[in-house]
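K.L.:
The structure follows.
Protein chains: 2
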Amino acid sequence: MEKQEALAALVALGHETRLDIFRLLMQAGPKGLAAGQIGERLALPPATLSFHLSQLKHADLVTFRRESRSLIYSAAYPVMNALLAYMTENCCQGAAASCEAAAPSTCQPEERHETPARARVRG
Amino acid sequence: MEKQEALAALVALGHETRLDIFRLLMQAGPKGLAAGQIGERLALPPATLSFHLSQLKHADLVTFRRESRSLIYSAAYPVMNALLAYMTENCCQGAAASCEAAAPSTCQPEERHETPARARVRG
DNA sequence: TCCATATTTCTAATATGATGGAAATATTGA
DNA sequence: TCAATATTTCCATCATATTAGAAATATGGA
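Heads up: the protein sequence lines correspond to chains A and B, in order. In terms of numbering that gives the first Met the number 0, the first sequence has 101 at position 102, counting the first letter as 1, and numbering is strictly consecutive. In terms of numbering that gives the first Met the number 0, the second sequence has 107 at position 108, counting the first letter as 1, and numbering is strictly consecutive.
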């Protein structure tokens with residue numbers, strides 16, 4: 000993931016309404032939720048909801064599909080995964096020992112620390 | 000981690016300059032960097048740098064200590080870890096199977112998926 | 001085709017965040 | 001105490017994001 004992509008995702012998630020929307024979609028799982036359902040649950044006026052969904056779309060944090068009259072939104076898990084991976088990269092460069100002490104779970108300067116699951120994301 | 004803490008961290012990281020600062024500090028490791036060093040490397044005027052460091056401080060993403068005339072800033076790894084943990088919580092609630100398919104590395108609805116390192120962060 | 005539903009786009013008002021020069025504060029060494 | 005260094009705070013300006021009503025668009029059912 001490039002810096003600008005990560006930045007776009009962080010900007011998008013750095014707003015309470017959008018964080019709420021995104022978490023709702025994370026919880027909803029791959030099946031997603033119709034825009035109307037989201038607006039209802041979060042008590043958002045249509046225009047406001049649409050604005051925030053648009054921001055999340057531009058950040059590639061959500062995808063959507065049409066199902067009859069409804070647009071079904073779902074969280075873009077791969078992008079979320081890539082963001083998490085990005086945020087743990089380049090940590091404590093050149094000082095693995097002290098870094099391990101400071102941040103055992105996020106800082107993984109050596110490949111051997113990678114879990115198979117995490118490694119899969121980066122490819 | 001509470002929602003408001005996570006939100007504050009995301010707001011703080013959702014700005015290019017602050018993301019640059021934070022990544023620089025992540026790379027620098029626990030030894031940290033003096034404010035002046037940061038400003039020099041990122042070509043930021045003192046007032047601008049100080050403003051952004053202040054934002055990062057309020058989000059608890061950085062800590063600082065005085066060393067002679069310099070203020071040494073370093074990344075707050077535990078808060079970063081907590082943020083990563085927060086973002087993977089409550090994923091695909093009640094539908095573990097489909098969630099695993101959608102997000103194998105971040106979505107961990109069952110405790111057994113926790114790594115010891117990640118679990119340590121949440122306590 | 002016509003109407004109801006679902007959602008987006010347009011628009012203008014409002015609020016908030018960012019910038020950086022200049023002055024103020026804190027620390028140290030002489 | 002005084003000067004030099006390091007950083008912050010103050011302040012005014014500028015830029016950008018957010019809000020939500022109203023109108024426009026898209027879809028499907030009768």
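Think of the CB as a built atom: it goes at the ideal place given N, C-alpha and C, for glycine as much as any other residue. All figures in this text were calculated on a predicted structure; none of them were measured in a lab.
1. Which residue marks the beginning of the beta strand (DSSP E) containing Arg64 (chain B), and which one marks its end?
2. Excluding the 5 residues flanking Ala58 (chain B) on each side, which residues of the same chain have their C-beta closer than 6 Å to its C-beta?
3. For Ala74 (chain B), report the span of its beta strand (DSSP E) as first-last.
4. Residues of chain B with CB under 7 Å from Val10 (chain A), in chain order?
5. Step through the CB atoms of chain B and report whether any lies within less than 8 Å of the CB of Leu83 (chain A).
6. Nearest by alpha-carbon distance to Ile37 (chain A): which of A:Arg68, A:Gly13, A:Ala84 and A:Asp19 is it?
7. Quick check: what's the CA-CA separation for His14 (chain B) versus Leu83 (chain A)?
8. May I ask you to report which of helix, strand or coil DSSP gives Ala137 (chain A)?
9. Tell me the rounded alpha-carbon separation between Pro77 (chain B) and Arg64 (chain A).
10. If you measure from the beta carbon of Met86 (chain A) to each beta carbon in chain B, is any gap under 8 Å?
11. Name the residue from B:Ala34, B:Lys56 and B:Pro29 whose alpha carbon lies nearest to the alpha carbon of Ser67 (chain B).
12. With 8 Å set as the bound, which would you pick, yes or no: does the beta-carbon of Leu18 (chain A) sit closer than that to a beta-carbon of chain B?
13. Can you tell me which of the three DSSP states Gly13 (chain B) falls into?
14. To the nearest angstrom, report how far apart Met0 (chain B) and His51 (chain B) are at their CA atoms.
15. For the alpha helix (DSSP H) that contains Pro44 (chain A), what are its first and last residues?
16. Run through chain B and tell me which residues come within less than 8 Å of Leu41 (chain A), C-beta to C-beta.
17. Please list, in chain order, the chain B residues whose beta carbon lies closer than 9 Å to that of Leu6 (chain A).
P.N.:
On the basis of the coordinates in this document:
1. Here the question's residue 64 (chain B) lines up with position 65 in the second sequence. Here the beta strand (DSSP E) through Arg64 (chain B) covers Val61 to Glu66.
2. Counting from one through the second sequence, the residue named residue 58 (chain B) turns up at place 59. Same-chain partners within the cutoff: Ala7, Ala8 and Ala11.
3. Here residue 74 (chain B) refers to the residue found at position 75 of the second sequence. Segment Ser69 to Ala74, the beta strand (DSSP E) holding Ala74 (chain B).
4. The residue you call residue 10 (chain A) lines up with position 11 of the first sequence. Here the neighbours are Gly13.
5. On the first sequence, position 84 is the one that residue 83 (chain A) refers to. So, interface residue.
6. Numbered from its first residue, the first sequence carries residue 37 (chain A) at position 38. With distances taken between Cα atoms, Ile37 (chain A) lies closest to A:Asp19.
7. Here residue 14 (chain B) refers to the residue found at position 15 when the second sequence is read from its first residue. Here residue 83 (chain A) refers to the residue found at position 84 when the first sequence is read from its first residue. Approximately 17 Å between the Cα atoms of the pair.
8. Any property of residue 137 (chain A) remains undetermined from this structure, which presents chain A solely from 0 to 122.
9. As a first step, residue 77 (chain B) must be located in the second sequence, where it is residue number 78. As a first step, residue 64 (chain A) must be located in the first sequence, where it is residue number 65. Rounded to whole angstroms, Pro77 (chain B) to Arg64 (chain A) spans 38 Å at the Cα level.
10. To locate residue 86 (chain A), count along the first sequence from 1; it is residue 87. Answer yes: the Cβ-Cβ gap between Met86 (chain A) and chain B drops below 8 Å somewhere.
11. Position 68 of the second sequence, counting from 1, holds the residue named residue 67 (chain B). Comparing Cα positions, the closest option is B:Ala34.
12. Taking the first sequence and counting its residues from 1, one reaches residue 18 (chain A) at position 19. Yes, Leu18 (chain A) counts as interfacial toward chain B.
13. Here the question's residue 13 (chain B) lines up with position 14 in the second sequence. Reduced to three states, the DSSP call for Gly13 (chain B) is coil.
14. Here the question's residue 0 (chain B) lines up with position 1 in the second sequence. Here the question's residue 51 (chain B) lines up with position 52 in the second sequence. Taking the straight line from one Cα to the other gives about 23 Å.
15. Stepping through the first sequence from its first residue, residue 44 (chain A) is reached at position 45. No alpha helix (DSSP H) contains Pro44 (chain A), which DSSP labels as neither H nor E.
16. As a working mapping, residue 41 (chain A) is identified with position 42 in the first sequence. Those within 8 Å of Leu41 (chain A) in chain B number zero; the least Cβ separation is about 13 Å.
17. Here residue 6 (chain A) is taken as the residue at index 7 of the first sequence, counted from 1. Within 9 Å Cβ-Cβ: Leu12, Gly13, His14, Glu15 and Leu18.
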